[in-house]
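J.: Just so we're aligned: the sequence shown equals residues 1 to 358 in UniProt numbering.
Note that CB positions come from ideal geometry on N, CA and C, so glycine has one too.
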Amino acid sequence: MTTSTINFAVNAGQPCPALWITGNHKNIGNWDPEGLPLHNDNGVWKSSLEVPTGTRLEFKITDGTWEKEAIVERFPAKENILVVANQDMDVQLSVAHWHQNPPAMPDHIQGQVDYLGHMSGSGIRDREVIVWLPTAYLASPRKKFPVLYMHDGQNLVDPNTAFLHSDWRIDETIERLAAEGRITPPIIVGLYNTEDRLEEYADTESGRNYLRFIKQQVKPLIDANYRTLKSKKHTAVMGSSMGGLISFLAAWYHPEIFGQAACLSPMFWGKKMVNVKAWQMVEANPKQPLNARIYMDNGTKELERSLMPGCVHMLRVLEDRGYQQGKNLMWFKDEGAWHNEAAWAARVWKPLEFMFGK
C-alpha cells in the first residue's frame, strides 16, 4: 500500500496555549478533540501525518475541547475541512476566528433508553450498545414491535453523547410520527462507533466482522430480551455517511436478516475512497440476492455534492435490477443540506415513514 504525507501548518490568528487537529481518521483521533497535537514553530502550528494514498480526510482544528473550534479561511463556517491525500502535500490554513460551541443542553429523552454496556465482537473493537423503547412499547406489554439497528449510536437521542452536542432527536421524531398515526414505532438499537469507524463501516474484513457481530450477537440478544417482530420484514438498518454505506452492505451480505436499509448521505462513490465501491459491487454481481427495500438520500452542499455521483450510479444499478421508486426504493434530494447531524435529524422522518409507515 502506498502512503502520502500531509504536512499541516496553521496560523492560529491569536495566541493559543495548544492546538489539535481531529477528524475522521484514527491517526487524527476519530473526532476526539485531542487528536493530532500541533507544535508551535514561531507562531505557526505544525504537524505531519502519514495516511494511505487516496485517503479522504475531514477534520477540524480545536483547542483540545469541543467548547471552541476554529473557523478557517476559505471553508464554510462550521463545516469540516476537507483534503484528499492523493500525494505528499502541504496544507496551510489560517484561522479567521474561533467559534464558541454551546454547551450540551439538558434533554428529556422521550421513551426509555436501556444501556447494555460494552459488547465485544470477534475482530472488532468493543462498543457501547443502547436500546431505545418507544412510549407505545412501554404502554402495551403484550405487543411486539419492529426493530431498527442504527450506527453511530451515540448521536441518536442524547446531546450529551452526540458529536458537537447535536443529536438526531430520533426519539422525538418517532414519538411525533406515531402520535400522528403515520408510523408503527420501532425499537431502536444504537451501536456506538469506535476509533476504527472507517474500517468497520466499509467493505473490509472489519466491516464484515461488524455485520456478523450484529447478526450473531446483538440481534439474538435483542430478540431474547425484548418483544420484537423477528422477521426480516420487520428488521431494518440505518446510518449516515459511512454508516449509510454499511447499512447497504448489511442488506447486501445478510438479506436473510435485514429487510430494509436506510442510507442517508451514503459513501457509495469509489474513486478516491478506499473500499467504497458499493454500486460497482452490485453491478458486478447480478445474481447476488438483494431484496431489501432501500431508502437513499443526499444533500447538495460541499461534501454532499461530491457524494452525489455515487448515489446516482447506485440508483441506476438498482433500477436495472428491477427496483421501482415508490415501491421498494425511495430517493430524496435534500436541496441546501449539509453533511452533518442537524441535516440528518431534519429529514430522518422520511426513511422512518418509508420503512415503518402505515
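#1: Return the first residue and the last residue of the alpha helix (DSSP H) that S247 is part of.
#2: Helix, strand or coil for F268, going by three-state DSSP, please let me know.
#3: For the region 146-233, list the alpha helix (DSSP H) runs that are entirely contained and at least 4 residues long, ordered along the chain.
#4: Tell me whether the beta-carbon of G207 lies closer than 8 Å to the beta-carbon of E195.
#5: Over what stretch of residues does the beta strand (DSSP E) that includes Y115 continue unbroken?
#6: Hey, how far is the Cα of A262 from the Cα of E180?
#7: Taking only three categories from DSSP, how would you classify G64?
#8: In its own chain, which residues sit with a C-beta less than 7 Å from the C-beta of K232, not counting the 5 before and 5 after it?
#9: For a quick check, are the C-beta atoms of W45 and A12 less than 8 Å apart?
#10: From Y201 to S240, what does the alpha carbon distance come to, in whole angstroms?
#11: My output table needs one value for R125: the three-state DSSP class, helix, strand or coil.
#12: Quick one: Cα of C16 to Cα of T65, how far?
#13: Taking the beta carbon of M89 as the centre, do at least 16 other beta carbons fall within 10 Å, making it buried, or is it exposed?
#14: Can you tell me the Cα-Cα spacing of K272 and P159, whole angstroms?
#15: Who does K327 pair with in a DSSP beta bridge?
#16: Consult DSSP for T300 and reduce its assignment to one of helix, strand or coil.
#17: Count the other C-beta atoms from every protein chain shown that fall within 10 angstroms of the C-beta of D41, then say buried if there are 16 or more, exposed otherwise.
#18: What residue range does the alpha helix (DSSP H) around F356 cover?
#19: Between F268 and M314, is the Cβ-Cβ spacing less than 8 Å?
#20: On the criterion of 16 or more Cβ atoms from any shown chain inside 10 Å, does N285 qualify as buried, or is it exposed?
#21: Have a look at G153 and V312 and give me their C-alpha separation to the nearest angstrom.
#22: So, helix, strand or coil for E283, using DSSP?
#23: According to DSSP, simplified to helix, strand and coil, what is D41?
#24: List the residues that DSSP assigns as beta-bridge partners of A85.
T.: If we stick to the structure as given:
#1: Your numbering for residue 247 matches position 247 in the sequence shown. Here the alpha helix (DSSP H) through S247 covers M242 to Y253.
#2: Counting from one through the sequence shown, the residue named residue 268 turns up at place 268. Here F268 sits in coil by DSSP.
#3: 170-179, 197-200, 205-213 and 219-225
#4: For the purposes of this step, residue 207 is taken as the residue at position 207 of the sequence shown. For the purposes of this step, residue 195 is taken as the residue at position 195 of the sequence shown. For G207 and E195, no; Cβs fall outside 8 Å.
#5: Taking the first residue of the sequence shown as 1, we reach residue 115 at position 115. Its beta strand (DSSP E) spans residues Q112 to M119.
#6: Residue 262 sits at position 262 when you count from the first residue of the sequence shown. Residue 180 sits at position 180 when you count from the first residue of the sequence shown. So the two alpha carbons sit approximately 22 Å from each other.
#7: Sequence index remark: in the sequence shown, residue 64 carries index 64 (1-based). Coil, per DSSP.
#8: In the sequence shown, residue 232 corresponds to position 232, counting from 1. Hits under 7 Å: E256, I257, F258 and G259.
#9: Translated into positions along the sequence shown, residue 45 becomes position 45. Translated into positions along the sequence shown, residue 12 becomes position 12. Cβ distance < 8 Å, so W45 and A12 count as in contact.
#10: Counting from 1 along the sequence shown, the entry for residue 201 is found at position 201. Counting from 1 along the sequence shown, the entry for residue 240 is found at position 240. So the alpha carbons of these two residues sit roughly 10 Å apart.
#11: As a position in the sequence shown, residue 125 is number 125, starting the count at 1. Three-state DSSP puts R125 in coil, outside helix and strand.
#12: Walking along the sequence shown from the start, residue 16 turns up at place 16. Walking along the sequence shown from the start, residue 65 turns up at place 65. Roughly 13 Å between the two C-alpha positions.
#13: On the sequence shown, residue 89 is found 89 positions in, with the first residue counted as 1. With fewer than 16 other Cβ atoms within 10 Å, it is exposed.
#14: Position 272 of the sequence shown, counted from the first residue, corresponds to residue 272. Position 159 of the sequence shown, counted from the first residue, corresponds to residue 159. Because K272 sits at a pLDDT of 48, beneath the cut-off of 50, its placement in the model cannot be relied upon, and the following sentence gives the value as read from the coordinates. In a straight line, the C-alpha of K272 is about 32 Å away from that of P159.
#15: The residue you call residue 327 lines up with position 327 of the sequence shown. Its beta-bridge partners do not exist; DSSP assigns none.
#16: Within the sequence shown, the letter at position 300 stands for residue 300. If DSSP states are grouped into helix, strand and coil, T300 belongs with coil.
#17: Here residue 41 corresponds to residue number 41 of the sequence shown, with the count starting at 1. Per the 10 Å Cβ criterion, exposed.
#18: Position 356 of the sequence shown holds residue 356. Taken as a continuous stretch (DSSP letters only), the alpha helix (DSSP H) holding F356 covers W349 to F356.
#19: Locating residue 268 in the sequence shown gives position 268, where the first residue counts as 1. Locating residue 314 in the sequence shown gives position 314, where the first residue counts as 1. Result yes, Cβ atoms of F268 and M314 sit closer than 8 Å.
#20: Residue numbering aside, residue 285 sits at position 285 when the sequence shown is read from its first letter. Classification of N285: exposed, given that the 10 Å Cβ count is below 16.
#21: On the sequence shown, position 153 is the one that residue 153 refers to. On the sequence shown, position 312 is the one that residue 312 refers to. Computed Cα separation, rounded: 27 Å.
#22: Within the sequence shown, residue 283 is the residue found at index 283, counting from 1. Residue state, collapsed to three classes: helix.
#23: Counting from one through the sequence shown, the residue named residue 41 turns up at place 41. It is a strand residue.
#24: As a position in the sequence shown, residue 85 is number 85, starting the count at 1. Note: A85 sits in a beta bridge opposite T55.
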